[in-house]
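*Asks:* Going by our numbering, the sequence shown opens with residue -1, and the numbers climb by one from there.
The beta-carbon is built from N, C-alpha and C at its ideal position, and this holds for glycine as well.
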Amino acid sequence: MLVEFCKENNVNYEICGKVITAINENESVSLRKLYENGKLNGLSGIALLSEKEIKEHEPNVNGIEGLYVPQTGIVDYKNVSEKIASIISNAGVKICYNEEVKNIFKTEKEYMVVSSRENFKSKVLLLCAGLQTDIIAKKLFGELKIKIIPFRGEYYRLKNTASKLVKNLIYPVPDPEFPFLGVHFTRRINGVVEAGPNAVLALQREGYKKSDFKITEIINTIAYKGFRKLAYKYWKTGLYEFYRSYSKKEFLKSLQKLIPVITSDDIEPYGSGIRAQACNKEGKLIDDFYFMESEDSVAVCNAPSPAATSCLSIGEVTAYKVLSKF
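Here's what the structure looks like:
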């Protein structure tokens, strides 16, 4: 759907393909499962690659076996977002920026959403609040089965002299224990090559910088039973992510697993993002889309990768859910 949208709206995109590379036998087993899943889902042209064949696609990549996915592409997502905003604005939708939801309550006939600037009325309510989802959803549904845990993903980028080391997209085999893709290389539509992200616990829901923290949010996270179970099981991984966050040398080691010739001089910091990750009371990170519904409301509580790629499909599913409430 996104490709068709880009064509219809003159959004710059490129279908370039990607290589997923396994660096040991255990990863090869998982890689072959990905290959079988791809075939079952109807992906044509996907192919397992030998070590030599990997080099034909990405000459600088390390790996004993690879998977080539020709359907993968890149897009100017800022342009996508701006185009969607323009389309819905022209259709009469009002987009309100920088407004905080103060409260939500329900009368006999409708919902009242109280914001920092005005009030909104609606017979059916759709909630897609990202990092604030559980806080707002609690006003709708009361006690929840999940809590949003913020994970910061930090990126480096390859300097111009090193960007030639990456032709398109290079991914590791994902760890089935976690709903994260692992550190990978992405050539963006403007030619910049990103390297990342890691997945470090953010000490503030919107803590895009290492120095950001909010003590009330930290206490609130620690107080959640599901987080404590998660931390007990994966505390070593969590500490390592903090260490890698502050150590360029350690981050570089992760990159060198895929491209051994990269050096510290080849990379520089390149911003971060925050992932709104749902965690249940058993300490499991939800690795799929998660909705909550009532007779007149829908809440999107977890939208993991590839949510951006699948945004129009997710929107379609969500719209059907909302329309069924009328």
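Give me the residue from C4, S48, S114 and K162 with the minimum Cα distance to I257.
*Replies:* Along the sequence shown, one-based indexing puts residue 257 at 259. Nearest option by C-alpha distance: K162.
*Asks:* Taking C-beta to C-beta, are A193 and Y222 nearer than 8 Å?
*Replies:* Counted from its first residue, the sequence shown places residue 193 at position 195. Counted from its first residue, the sequence shown places residue 222 at position 224. In this structure, Y222 does not lie closer than 8 Å to A193 by Cβ.
*Asks:* My output table needs one value for F178: the three-state DSSP class, helix, strand or coil.
*Replies:* Sequence index remark: in the sequence shown, residue 178 carries index 180 (1-based). F178: coil per DSSP, three-state reduction.
*Asks:* What are the residues that DSSP puts in a beta bridge with Q275?
*Replies:* For the purposes of this step, residue 275 is identified with residue 277 of the sequence shown, where counting begins at 1. I147, per the DSSP bridge assignment.
*Asks:* Under the three-state reduction of DSSP, which class applies to L310: helix, strand or coil?
*Replies:* On the sequence shown, residue 310 is found 312 positions in, with the first residue counted as 1. L310: helix per DSSP, three-state reduction.
*Asks:* Have a look at L199, G205 and D74 and flag the residue whose alpha-carbon is nearest the alpha-carbon of W233.
*Replies:* Sequence index remark: in the sequence shown, residue 233 carries index 235 (1-based). Out of L199, G205 and D74, L199 has the C-alpha closest to the C-alpha of W233.
*Asks:* How many Å lie between K323 and G128 at the Cα?
*Replies:* Reading the sequence shown from its first residue, position 325 is the one you call residue 323. Reading the sequence shown from its first residue, position 130 is the one you call residue 128. One C-alpha to the other measures close to 22 Å.
*Asks:* Using DSSP with H/G/I as helix, E/B as strand and the rest coil, what is E12?
*Replies:* For the purposes of this step, residue 12 is taken as the residue at position 14 of the sequence shown. Strand.
*Asks:* Whose C-alpha, out of C299, T159 and A306, is nearest the C-alpha of Q130?
*Replies:* Start at 1 with the first residue of the sequence shown, and residue 130 comes out as number 132. Of C299, T159 and A306, the residue nearest in Cα terms is C299.
*Asks:* According to DSSP, what are the bridge partners of K104?
*Replies:* In the sequence shown, the residue the question calls residue 104 occupies position 106. Its beta-bridge partners are Y109.
*Asks:* Locate the alpha helix (DSSP H) running through N218, then write down its first and last residues.
*Replies:* The residue you call residue 218 lines up with position 220 of the sequence shown. Element bounds for N218: I213 to A221.
*Asks:* Should I217 be labelled buried (16 or more other beta-carbon atoms within 10 Å of its own) or exposed?
*Replies:* For the purposes of this step, residue 217 is taken as the residue at position 219 of the sequence shown. So I217 ends up on the exposed side.
*Asks:* Report the start-end ranges of each beta strand (DSSP E) in the region 230 to 291 that is 3 residues or longer and not cut off at the edges.
*Replies:* Counting only runs of 3 or more, we get 265 to 278.
*Asks:* Look up L201 in the DSSP assignment and say whether it is helix, strand or coil.
*Replies:* The count along the sequence shown starts at 1 and reaches residue 201 at position 203. Reduced to three states, the DSSP call for L201 is coil.
*Asks:* DSSP three-state call for G128: helix, strand or coil?
*Replies:* Here residue 128 refers to the residue found at position 130 of the sequence shown. If DSSP states are grouped into helix, strand and coil, G128 belongs with the helices.
*Asks:* When we look at the beta-carbon of C94 and count the other beta-carbons within 10 Å, is it buried (16 or more) or exposed?
*Replies:* Residue mapping note: residue 94 aligns to position 96 of the sequence shown, counting from 1. Exposed.
*Asks:* Label Y169 either buried or exposed according to how many other C-beta atoms from any shown protein chain fall within 10 Å of its C-beta, with 16 as the threshold for buried.
*Replies:* Within the sequence shown, the letter at position 171 stands for residue 169. So Y169 counts as buried.
*Asks:* Is it buried or exposed, Q69, if we count other Cβ atoms within 10 angstroms and call 16 or more buried?
*Replies:* For the purposes of this step, residue 69 is taken as residue 71 along the sequence shown, with counting starting at 1. When all chains shown are included, Q69 counts as exposed.
*Asks:* Report buried or exposed for S26, applying the criterion of at least 16 other Cβ atoms within 10 angstroms of its Cβ.
*Replies:* On the sequence shown, position 28 is the one that residue 26 refers to. Answer is buried; the Cβ neighbour count reaches 16.
*Asks:* For L124 and F139, I'd like the C-alpha separation in whole angstroms.
*Replies:* In the sequence shown, counting from the first residue as 1, residue 124 sits at position 126. In the sequence shown, counting from the first residue as 1, residue 139 sits at position 141. Using only the alpha carbons, I get a separation of about 13 Å.
*Asks:* Is N278 near K136, with beta carbons less than 8 Å apart?
*Replies:* The residue you call residue 278 lines up with position 280 of the sequence shown. The residue you call residue 136 lines up with position 138 of the sequence shown. Not closer than 8 Å, so no.
*Asks:* Suppose you measure from the CA of I72 to the CA of Y268; what does that come to, to the nearest Å?
*Replies:* Taking the first residue of the sequence shown as position 1, residue 72 is located at position 74. Taking the first residue of the sequence shown as position 1, residue 268 is located at position 270. Near 18 Å, if we compare the C-alpha coordinates of Y268 and I72.
*Asks:* Which residue's Cα is closest to the Cα of K212: T219, I220, L201 and Y206?
*Replies:* Counted from its first residue, the sequence shown places residue 212 at position 214. It is L201 whose Cα lies nearest to the Cα of K212.
*Asks:* Helix, strand or coil for G189? Go by DSSP, reduced to three states.
*Replies:* For the purposes of this step, residue 189 is taken as residue 191 along the sequence shown, with counting starting at 1. Here G189 sits in coil by DSSP.
*Asks:* Tell me which residues share the same chain as D74 and place their Cβ nearer than 6 Å to its Cβ, disregarding the 5 neighbours each side in the sequence.
*Replies:* By 1-based counting over the sequence shown, the position of residue 74 is 76. Cβ within range, chain order: N10 and I187.
*Asks:* So, at 7 Å on beta carbons, what are the nonlocal neighbours of E291 in its own chain, with the 5 sequence-adjacent residues on each side left out?
*Replies:* By 1-based counting over the sequence shown, the position of residue 291 is 293. Only K319 meet the Cβ criterion.
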